[in-house]
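To keep things clear, I will list the structure first and then write my remarks on it.
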Amino acid sequence: MKDGAVLEMRGICKYFPGVRALEKVDFTLREGEIHALMGENGAGKSTLIKVLTGVYPKDGGTVVLSDKQINIKSPQDAQNNGIATVYQEITLCPNLTVAENMYIGRTKGPLTDWGKMNRSAGKLLDDLGIPVSPKEQLGNCSIAVQQMVAIARAVDMDCKVLILDEPTSSLDEQEVQKLFKLMRDLKAKGVGIIFVTHFLEQVYEVCDRITVLRDGTLVGEYVIQDLPRVKLVSKMLGKDFDDMAEIKSSDEEEKIDYNGTPVYQANNLTGTTGIKPFDFEIHKGEVNGFTGLLGSGRSESVRAIFGADRVTGGTIKMDGKTVKIRKPLDAMKNGISYLPEDRKLDGIVGDLSVRDNIILALQVMKGFFKPFSKAQAEKFADDYIKLLNIKTASQDTPIKSLSGGNQQKVILARWLLADPVYLILDEPTRGIDVGTKVEIQKLVLKLAAEGKSITFISSEIDEMIRTCSRLVVMRDGKVVGELKGADLNQNKIMATIAGGESK
Amino acid sequence: MSVNSTVLEKKLKKKASLTDTNLLLIITVVVFLVMYILAVVFLKKGFTKPQMFFNILNENASLLVLSCGMTLVMITGGIDISVGQVTSLVCMSCAVYLQKVNDAGLTGNQYVIKSMLLAVAIGLAFGIVQGFLVAYMEFQPFIVTLAGLFFAKGMTTIVSSDRIPVTFDPFVKLCRTEVTIPFLGSVNKKGIFIPAYVEVGVIAALAIVVILFCVLKWTKLGRNFYAVGGNNQSANMLGINVKLTKFLAHVLCGLMAGIGGYLFFLHACSGSPLHAQGAEMNAIASSIIGGTLLSGGVGNIVGTLFGVLSLSTIKNIVTSLGLEDAWWTNITVGVMLCIFLLVQSVILARKNNKK
Amino acid sequence: MTSDTMKSNNPSFAIKLKNFLGKLVKNQLFIPIVALLLLVLINLIADPTFFKIVLEPSSTGHLILSGNLITIIDNASELAILAIGMTLVTSASGGQDISVGATIAIAGSVILRVIKVQPTDISNGRFAAMLILAFVLCVVVSAIFGAFNGALVAYFNIQPMVATLILFTAGRSIAAWINNNDNISIKDTRFAYYGNFIPGIAIPTPVFITAICLIVIALVLKFTNLRLYSQAVGINASSSRLNGINPKMIKLLTFIILGVCVAVCGFIKVSRTSSITYSVIANNIEMDAILAVALGGNALSGGKFNITSSVIGAYVIQFLTTTLYKFKVSSSAISAYKAVVVILLIIISAPIVRRWFEDMKNKREAARVAKIATAANTESGKENV
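Protein chains in written order, with our numbering: chain A, 1 to 503; chain B, 504 to 858; chain C, 859 to 1243.
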């Protein structure tokens, strides 16, 4: 074993049907270090972690923990061996109280001492500054609090290895800083921390070492000082990538006629999801974006435009004519398409074939009593599989067995097939590989050039700057600014998002 | 960035709101009390007499135990529809056994105890096999216990297809044992005080209610039931042995079916293929009325107790209203179940919306 | 991608056969058909004359077909019809309706309520009109009860099994209440045609009714999007809603369709005996109907479905029952044998068994990849520091 290594994984292999998820991956974690595990989606980070925590059995390789070779069979096993984990998705029980969620599955003895449990949970929550009562039912808490509770649970365990798999995605800045302080404290105590994140700044803020994976194989392990950002990105992507910067080479958005009748215009649009009434319009061939922190109401706004949640007020005009959009079908019939934020929950219909997934929206618009002929449906699917270069074994393959990027392309195909005049894309590039990201961005610009109006939402601001010609900035459910032209730069956007209090 | 300071302050309010389990429990208890008080005030008849209440217990001791077992399984997100037929099988097997002993001219309490062990063994056997198939082989609980139902039903008639009354003396004595309740009772027409009583089965059933309540509330196993029902995968990630937990829930439910079966046997003092017909549905209904959600993770034994009481009280009310025709009882139970489900559904939906 | 490169370029006959068999085994129809064939085989061995069908005069003097096969196909009619509706409900709502037995009692009771007031000597025309009226009324009532179940499931988010527990409990009592708990016996022989034989036709009428139902549902699936919609709703309701489908309406619709199926079953049931016993009619049929759906290889948790498969499942169940009768198993003990079949069935179709096979396949693939990797490792493995 290497010096001070607390965990060593050697030659880890994991295969899924037809997919090589991990191929001979080595990973070493030393005592008292924060080690970033980096890689694009599909690189194998999550699989490696799930192998380590016993969620998946490994198909090859060895795991050595504190000089002892171990075979982890279940998450329980991992816990007993001193491996604590905070998973990307929240893995707590919503029907139990906060305190129970923190202690269940890891206390000694057959009985539950509620008094002691609530007291110690309360103390820990106070220490970490988590604003929640230990007796509260977890399901009643916000997602951020739930995530913090998961972290509290993990750090309270007397662990040798702490795994944090994208724990920051639902936290705000202050909470992230709290987490970092916690991580540094644990590091000082000699705990080895594996940190998975897609925020590069966070990696350079807290980590000591980086291991990069690509396509299920190890690229290498680096000390953080030796690997500047640009190099890290190129390691992750596998080549020096300048492609992304070139997407919007020619600034042609001047062609857009801002004085004409907007394709879509909303006045005082209100819904039940906590957003304030807002006005919005978009013109032919325009690409605009909604931006803001998570929970600022950017997704809720576009959902209101599509009628995805209950719309309670406002007038909508399309091409100058007043229309009523109260449910998704209304929006679809008026030529609005919406690619939802949560692909798995709201986008794909998992067990249905790629073909059925592609034709779904158009089929629904055509009507219950007018199914497409099989030949027609096959032609549609074939055309769009070719057009978007969707990698699938056949049209009949269930969509759930495709990779994230290809699933997203299928959903895109679905909405392109519906031939909308106004296309809303809510985080179309989240959780997919870089190659597909670029493809999607290019496609957006191509569609705009063809005269479609597009709303594009992304968490990555530079992605928005590259594609959008106008940005609507939101904060706390309100539209707080609109940026275009020269104002479209990182600093200005950040300042507007943060609002008056921040410079 | 201090953008979120206001949001943070809002989060700081520390008072815990009601958990789903407690909310549903309160509804059940209130409904039962209101119903019973109304019955006492307006119907009088038997309802003013304490014995009326204890008769409900006497008649439903078996159902109470079955419902408790059902609640356990339902909390873990499963279901066991075999309990009714297992009850029937237990009654029949014990009746045949005791009659054989009787015919052989033997007597003694040890045979009664042996019959109890037989009942428990049958229940456990069903629980273990079904639990293994559900937990370790990952079959759907509905289908597995449907098979259990078919199997128990067939076995009952294979053991005997006739009604077998038990005449074995020690057992009959146990059946007829009445435990008087101190200070409670009523005065009859002649002015003589008749104390209220319960059968021995009721004592056993109430003891089981207390034990299971404690198990659910204060043991790790009990809390694991809730965790597994709340979210299977999360529970696994939290280091709970999900399979073992599910298995134990089914084993306990099977055990309860065995005990409940014996209590039924004690009350009926006979075995018959027609015993406890549809008891599984009554048990499910009682659990639901008692605030257990079939989706798992929410429920309470005390609620189930009140569920059983509510179900039988409404039956008694219907009968004492003079609606003698048999169908009214079932229709009323159906209506009551419907109202409860609607109320639960609306309340939970509103609660989720508020968040 | 690995699986593509692994495939041999030159598939020999053996591989083709293996692929074909592989596809066959994966087909949803495989399990029910194999079960059916197995039953046929057992019966043929036990009694070579089992499948003999003869044309002989019945008690009314008309020539009818009789034989075990005819009995099976005849008796399975109600189950097959129910299986259609149950499959749809299962698909869209991911749950099952356990009230069908009780609602069949209601449907039958409604029909008898209308028919019983008629004297036996009315003309054929008037009788037909009466019958149509009774049937339409019965369909309407059943559809309303179906809609009641469906509304609880779709609009109040109550699990199907729990929601239908209400009518399961109350249904038979409602049926009794409709006819004041009277024992009704219809004397008019014309009423019995639909559960038995129409004079001059040698095949039992329920067989035709089932055929009509199957044709109707086939047409509905062909000319509407019912299949796509209910599958989409069953797999991902949230996503379906964002694609313009109204999941609540679809769930409601499947329950109403099941209600109509129930009406047809109720009609056949009461016509068979020209009478009704409220507590016994169609007893436990809900369990058999659910079993038929499961036997057909449909996931009880909803989503993709195959009605043909469910219907074959229904016939398998009836076949099994008849076979057991032939083996002199008493009618009350039959359920013990059914239990064995259910267990066998779930073991064959269990996800965990399938996963074992997949794991074995993965391990083999892993070994193969490892072999190739070690061969190629010498030059490519140096990048890692």
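Heads up, the beta-carbon is just placed ideally off N, CA and C, and yes, glycines get one too.
(Q) Measuring only the C-alpha atoms, how far is L921 (chain C) from F871 (chain C)? (A) For this step, residue 921 (chain C) is matched to residue 63 along the third sequence. For this step, residue 871 (chain C) is matched to residue 13 along the third sequence. Cα to Cα, the separation comes out at about 52 Å.
**Q.** E8 (chain A) in three-state terms, based on DSSP
**A.** Position 8 of the first sequence, counted from the start, is the residue given in the question as residue 8 (chain A). Three-state result, E8 (chain A): strand.
Q | Selection of the stretch 333-355 of chain A by Cβ proximity to chain C, strictly under 7 Å | A | Y338, P340, L345, D346, G347, I348, V349, G350, D351, L352
Q: Indicate whether at least one CB of chain C lies closer than 8 Å to the CB of P371 (chain A).
A: Position 371 of the first sequence, counted from the start, is the residue given in the question as residue 371 (chain A). P371 (chain A) counts as touching chain C.
Q) Is the CB-CB distance between L417 (chain A) and L362 (chain A) below 8 Å? A) Here residue 417 (chain A) refers to the residue found at position 417 of the first sequence. Here residue 362 (chain A) refers to the residue found at position 362 of the first sequence. In contact: L417 (chain A) and L362 (chain A) (Cβ atoms closer than 8 Å).
(Q) Quick check on the DSSP output: the alpha helix (DSSP H) that includes V1169 (chain C) runs from which residue to which? (A) Translated into the one-based positions of the third sequence, residue 1169 (chain C) becomes position 311. Looking at the DSSP string, the run of the alpha helix (DSSP H) that includes V1169 (chain C) is 1165-1184.
Q: Pick out the complete alpha helix (DSSP H) segments inside the stretch 965-1049 of chain C, 4 residues or longer, and give them in chain order.
A: 982-1013, 1018-1036
Q) Going by DSSP, what residues sit across from D165 (chain A) in a beta bridge? A) Against the first sequence, residue 165 (chain A) aligns to sequence position 165. DSSP output for D165 (chain A) lists A:V196 as bridge partner(s).
Q) Under three-state DSSP, which class holds V1187 (chain C)? A) Counted from its first residue, the third sequence places residue 1187 (chain C) at position 329. Coil at V1187 (chain C), not helix or strand.
(Q) What residue range does the alpha helix (DSSP H) around D126 (chain A) cover? (A) Residue 126 (chain A) sits at position 126 when you count from the first residue of the first sequence. In the DSSP assignment, D126 (chain A) falls within the unbroken alpha helix (DSSP H) covering 114-128.
Q: Express the C-alpha separation of T524 (chain B) and F728 (chain B) in angstroms, rounding to a whole number.
A: Numbered from 1 along the second sequence, position 225 holds the residue referred to as residue 728 (chain B). Numbered from 1 along the second sequence, position 21 holds the residue referred to as residue 524 (chain B). The straight-line gap from Cα to Cα measures roughly 13 Å.
Q. Is the stretch 63-76 of chain A in contact with the stretch 169-186 of chain A, if contact means three or more CB pairs nearer than 8 Å?
A. no
**Q.** Residue nearest to M1019 (chain C) in terms of C-alpha spacing, selected from B:N561, B:G581, B:A752, B:V705
**A.** Counting from one through the third sequence, the residue named residue 1019 (chain C) turns up at place 161. Ranking the options by Cα distance to M1019 (chain C), first place goes to B:G581.
Q. What is the rounded straight-line gap between the Cα of M9 (chain A) and the Cα of D158 (chain A)?
A. On the first sequence, position 9 is the one that residue 9 (chain A) refers to. On the first sequence, position 158 is the one that residue 158 (chain A) refers to. Roughly 21 Å separates the two Cα atoms.
Q | Nearest to L128 (chain A) (by Cα), restricted to the options A:A152, A:K235, A:Y87, A:E450 | A | Locating residue 128 (chain A) in the first sequence gives position 128, counting from the first residue. Ranked by Cα distance from L128 (chain A), the first of A:A152, A:K235, A:Y87, A:E450 is A:A152.
(Q) Quick check: is any heavy atom of the ligand ZN less than 7 Å from the C-beta of E450 (chain A)? (A) Ligands are entirely absent from the displayed structure, and the ligand ZN is therefore not among its contents.
Q) If we call anything under 8 Å between Cβ atoms a contact, is V364 (chain A) one with N357 (chain A)? A) Residue 364 (chain A) sits at position 364 when you count from the first residue of the first sequence. Residue 357 (chain A) sits at position 357 when you count from the first residue of the first sequence. No, Cβ-Cβ distance for V364 (chain A) and N357 (chain A) is not below 8 Å.
Q: Give the interface partners of V836 (chain B) over in chain C, defined as CB-CB distance under 8 Å, in chain order.
A: Here residue 836 (chain B) is taken as the residue at index 333 of the second sequence, counted from 1. Those within 8 Å of V836 (chain B) in chain C are T1027, A1028.
Q) By how many angstroms is the C-alpha of I49 (chain A) removed from the C-alpha of T860 (chain C)? A) Your numbering for residue 860 (chain C) matches position 2 in the third sequence. Your numbering for residue 49 (chain A) matches position 49 in the first sequence. Unreliable placement is indicated for T860 (chain C), whose pLDDT of 41 sits below 50; the coordinate value is still reported in the next sentence. The straight-line gap from Cα to Cα measures roughly 23 Å.
Q) According to DSSP, is Y103 (chain A) helix, strand or coil? A) The sequence position of residue 103 (chain A) within the first sequence is 103, counting from 1. Of the three classes helix, strand and coil, the one that applies to Y103 (chain A) here is helix, per DSSP.
Q: Please determine, among C:I1126, C:S1168, C:I891, C:F1177, the residue with the shortest C-alpha to C-alpha distance to F1066 (chain C).
A: Residue numbering aside, residue 1066 (chain C) sits at position 208 when the third sequence is read from its first letter. Considering only alpha carbons, the answer is C:I1126.
Q: Would you mind reading off the limits of the beta strand (DSSP E) that contains H35 (chain A)?
A: Counted from its first residue, the first sequence places residue 35 (chain A) at position 35. 34-38 is the extent of the beta strand (DSSP E) around H35 (chain A).
Q) Measuring CA to CA, which of C:M1218, C:V947, C:I903, C:P906 is closest to A1152 (chain C)? A) Translated into the one-based positions of the third sequence, residue 1152 (chain C) becomes position 294. Checked all of C:M1218, C:V947, C:I903, C:P906; the closest Cα to A1152 (chain C) is C:V947.
Q) At least one CB of chain C closer than 8 Å to the CB of W830 (chain B): is that the case? A) Here residue 830 (chain B) refers to the residue found at position 327 of the second sequence. Chain C, which has a Cβ nearer than 8 Å to the Cβ of W830 (chain B), makes this yes.
Q: Check whether the Cβ atoms of A941 (chain C) and S1168 (chain C) lie closer than 8 Å to each other.
A: Mapped onto the third sequence, residue 941 (chain C) falls at position 83. Mapped onto the third sequence, residue 1168 (chain C) falls at position 310. Contact flag set, yes.
Q: At 7 Å on the CB atoms, spell out the chain B contacts of R106 (chain A), in chain order.
A: Indexing the first sequence from 1 puts residue 106 (chain A) at position 106. Taking a Cβ-Cβ cut-off of 7 Å, the neighbours of R106 (chain A) in chain B comprise G742, given in sequence order.
Q | Cutoff 7 Å; reference I275 (chain A); Cβ partners in own chain excluding five residues on either side | A | Counted from its first residue, the first sequence places residue 275 (chain A) at position 275. Excluding positions up to five away in sequence, the list reads G297, E300, S301, A304, G477.
Q. Starting from P915 (chain C) and walking both ways along the beta strand (DSSP E), at which residues does that stretch end?
A. For the purposes of this step, residue 915 (chain C) is taken as residue 57 along the third sequence, with counting starting at 1. First-last of the beta strand (DSSP E) with P915 (chain C): 912-915.
Q. Per DSSP, P668 (chain B) is paired with what?
A. Residue 668 (chain B) sits at position 165 when you count from the first residue of the second sequence. Per DSSP, B:S773.
Q: Could you tell me the distance, in whole angstroms, from the CA atom of L200 (chain A) to the CA atom of V233 (chain A)?
A: Here residue 200 (chain A) refers to the residue found at position 200 of the first sequence. Here residue 233 (chain A) refers to the residue found at position 233 of the first sequence. Spanning the two alpha carbons is a distance of roughly 9 Å.
Q: Please report how far the alpha carbon of L352 (chain A) lies from the alpha carbon of F645 (chain B), in whole angstroms.
A: Looking up residue 352 (chain A) in the first sequence gives position 352. Looking up residue 645 (chain B) in the second sequence gives position 142. Cα to Cα, L352 (chain A) sits roughly 25 Å from F645 (chain B).
Q) What are the partner residues of N267 (chain A), as DSSP defines its beta bridges? A) Numbered from its first residue, the first sequence carries residue 267 (chain A) at position 267. Beta-bridge pairing by DSSP links N267 (chain A) to A:T315.
Q | Separation of L814 (chain B) from T832 (chain B), as counted between CA atoms | A | Looking up residue 832 (chain B) in the second sequence gives position 329. Looking up residue 814 (chain B) in the second sequence gives position 311. Straight-line Cα distance between these residues: approximately 10 Å.
Q | Alpha-carbon to alpha-carbon, S689 (chain B) and I1108 (chain C) | A | Along the third sequence, read from residue 1 onward, the residue named residue 1108 (chain C) stands at position 250. Along the second sequence, read from residue 1 onward, the residue named residue 689 (chain B) stands at position 186. Straight-line Cα distance between these residues: approximately 57 Å.
**Q.** Beta-carbon gap between F456 (chain A) and V472 (chain A) smaller than 8 Å
**A.** Taking the first sequence and counting its residues from 1, the one referred to as residue 456 (chain A) is at position 456. Taking the first sequence and counting its residues from 1, the one referred to as residue 472 (chain A) is at position 472. No; because the gap between Cβ atoms is not below 8 Å, this pair is not in contact.
Q. Just to confirm, are W721 (chain B) and L111 (chain A) a CB contact at a threshold of 8 Å?
A. Mapped onto the second sequence, residue 721 (chain B) falls at position 218. Mapped onto the first sequence, residue 111 (chain A) falls at position 111. Yes. Within cutoff.
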